[in-house]
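*Asks:* Residue numbers (this note's numbering), protein chains in the order written: chain A, 191 to 257; chain B, 225 to 474. Think of the CB as a built atom: it goes at the ideal place given N, C-alpha and C, for glycine as much as any other residue. Please find one structure pasted underneath; my questions will follow.
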C-alpha cells in the first residue's frame, strides 16, 4: 500500500483534481456504454415480442371473421 | 478452413457465437480491470518526477491503445465485408464504432487532465493529440454515414469503404511521436523487448490494457447481437428465439 491514510489516498499528492477527474470520467463512459448496450438488447427483444403478439391478435381476429 | 469458417457468416450462427463468447469476455474483463485498477491506484509506486499524477497512466494508455485497436478491428471487418461480401462484417463495424468513440473520448480527456499538471496546458495542437481527435471525428463520421442511408445494404457498403480509407489515420497516430516534434512522450510499452518503465508499474498497466481489450470484445459481442437482431427481426429464427426466451429470463 502506497498511502498512509484514506485522506492521503484521496489527495493523490496534490493531483486529486486531475487523477479523480480522469478515473471518474472513465468509469462513467464505460458504465454508460455497457448499460446502453444491454438496455438495447432488452428493448429489441421487447419490440419483437410485441410485434408477435400483435400478429397473433390479427390472425385470431381474421379467423373469427371467417367463422 | 473455409468450410469451417463459412457458417459463421450466417446471422443465426454469428448470433449464437457472440452469445456463447460474451459472458467469458465479460468475466475476464471485469477481473482484469478491477485487479489492474486497484493495483495501479493503491499499490503501484508514484513516479519520481510526476508524483501521484502518474496514476492516470493506468487508464490513459489502455484507452488510447484500444481506441486504435477498435478501429483496427473495424478495418479488418471492412476489408472482409468488401472482398467477400459478408454482411455480418458490415454489422460488426457499426457495432464497434460507438465503443471506439467511448475509448477515444477517455483517451482525450484523461490526456488533457494529465497534460494540465505536467505540460501546463489542457490541449496543444500537436501531432499526437490532433490525430487522435481526427480518429474521434472518423468514428462519428462512420455512424453518421451509416444512418444517412435508408437502405442498409448500401449503408453497409459505404461504411466499409469509409472505414478502410480512414484506417490511414492509424499509422499516423502511432508514428506521430516519431515523425514530428511533439510534447507527447514516445511509446512506453510497445517498444520491442524490455519496457522502459518499472515492473511494479508495468504489470498493472498491462492488466488494464488487456482488460480494456476484453471489454472491447465483450461489448463488441453484445452490440453485434443487437445489430443482428435489428437487421433480422422479421426472420423466423429471431421470432422463435424470442418466444423461447420468454420461458427463461433474457
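Please report the Cβ distance between residue 432 of chain B and residue 324 of chain B, rounded to the nearest whole angstrom; I am assuming they are in contact, meaning their Cβ atoms lie under 8 Å.
*Replies:* Rounded, the Cβ-Cβ distance is 18 Å, inconsistent with contact.
*Asks:* Any C-beta of chain A sitting closer than 8 Å to the C-beta of residue 371 of chain B?
*Replies:* It does not; no Cβ of chain A falls within 8 Å.
*Asks:* For residue 248 of chain B, count neighbouring Cβ atoms within 10 angstroms of its own Cβ and tell me buried if that reaches 16, exposed if not.
*Replies:* Flag for residue 248 of chain B reads exposed.
*Asks:* Consult DSSP for residue 275 of chain B and reduce its assignment to one of helix, strand or coil.
*Replies:* The answer is strand: DSSP assigns residue 275 of chain B an E or B state.
*Asks:* How far does the alpha helix (DSSP H) with residue 255 of chain A in it reach, from first residue to last?
*Replies:* Where residue 255 of chain A is concerned, the enclosing alpha helix (DSSP H) stretches over 206 to 256.
*Asks:* Taking only beta-carbon positions, decide if residue 474 of chain B is within less than 8 Å of chain A.
*Replies:* Only weak support exists for where residue 474 of chain B lies, its pLDDT of 43 falling under 50; the value from the coordinates is given anyway. With 8 Å as the cut-off, residue 474 of chain B counts as an interface residue toward chain A.
*Asks:* Express the C-alpha separation of residue 245 of chain A and residue 254 of chain A in angstroms, rounding to a whole number.
*Replies:* Cα-Cα distance, rounded: 14 Å.
*Asks:* So the candidates are A:242, A:252 and A:248; which of them puts its Cα closest to the Cα of residue 465 of chain B?
*Replies:* The option with the nearest alpha carbon to residue 465 of chain B is A:242.
*Asks:* Do residue 321 of chain B and residue 380 of chain B come within 8 Å of each other at the CB atom, strictly closer than that value?
*Replies:* No.
*Asks:* Do residue 355 of chain B and residue 397 of chain B come within 8 Å of each other at the CB atom, strictly closer than that value?
*Replies:* Against a cut-off of 8 Å, the Cβ pair of residue 355 of chain B and residue 397 of chain B comes out as a contact.
*Asks:* Could you check what DSSP says for residue 456 of chain B in three-state terms: helix, strand or coil?
*Replies:* Helix.
*Asks:* Residues in the same chain with beta-carbon distance under 6 Å from residue 383 of chain B, minus the five sequence neighbours each way, listed in chain order, please.
*Replies:* Within the same chain, residue 383 of chain B has close Cβ partners 317, 366, 369 and 370.
*Asks:* Quick check: what's the CA-CA separation for residue 203 of chain A versus residue 274 of chain B?
*Replies:* Whole-angstrom Cα-Cα distance: 10 Å.
*Asks:* Which chain A residues sit within Cβ distance under 8 Å of residue 334 of chain B?
*Replies:* Under the 8 Å cutoff, chain A gives 212, 215 and 216.
*Asks:* By the criterion of Cβ-Cβ separation under 7 Å, what are the contact partners of residue 276 of chain B in chain A?
*Replies:* By Cβ distance, chain A contributes 202, 203, 205 and 209.
*Asks:* What does the alpha-carbon distance come out to for the pair residue 201 of chain A and residue 408 of chain B?
*Replies:* Residue 201 of chain A and residue 408 of chain B: Cα-Cα distance of roughly 26 Å.
*Asks:* Measuring CA to CA, which of B:357, B:458 and B:301 is closest to residue 400 of chain B?
*Replies:* Checking every option, the nearest Cα to that of residue 400 of chain B belongs to B:357.
*Asks:* By DSSP, does residue 270 of chain B sit in helix, in strand, or in coil?
*Replies:* It is coil, neither helix nor strand.
*Asks:* Can you confirm whether the region 445 to 454 of chain B touches the region 220 to 230 of chain A when touching is taken to mean that 3 or more C-beta pairs between the two stretches lie within less than 8 Å?
*Replies:* Contact between the region 220 to 230 of chain A and the region 445 to 454 of chain B is present, because at least three Cβ pairs lie under 8 Å.
*Asks:* Mind listing which residues of the region 238 to 266 of chain B have their C-beta closer than 7 Å to chain A's C-betas, in chain order?
*Replies:* If the cut-off is 7 Å between Cβ atoms, the region 238 to 266 of chain B has 266 near chain A.
*Asks:* Taking 8 Å as the threshold (beta carbon to beta carbon), is residue 311 of chain B in contact with chain A?
*Replies:* With 8 Å as the cut-off, residue 311 of chain B does not count as an interface residue toward chain A.
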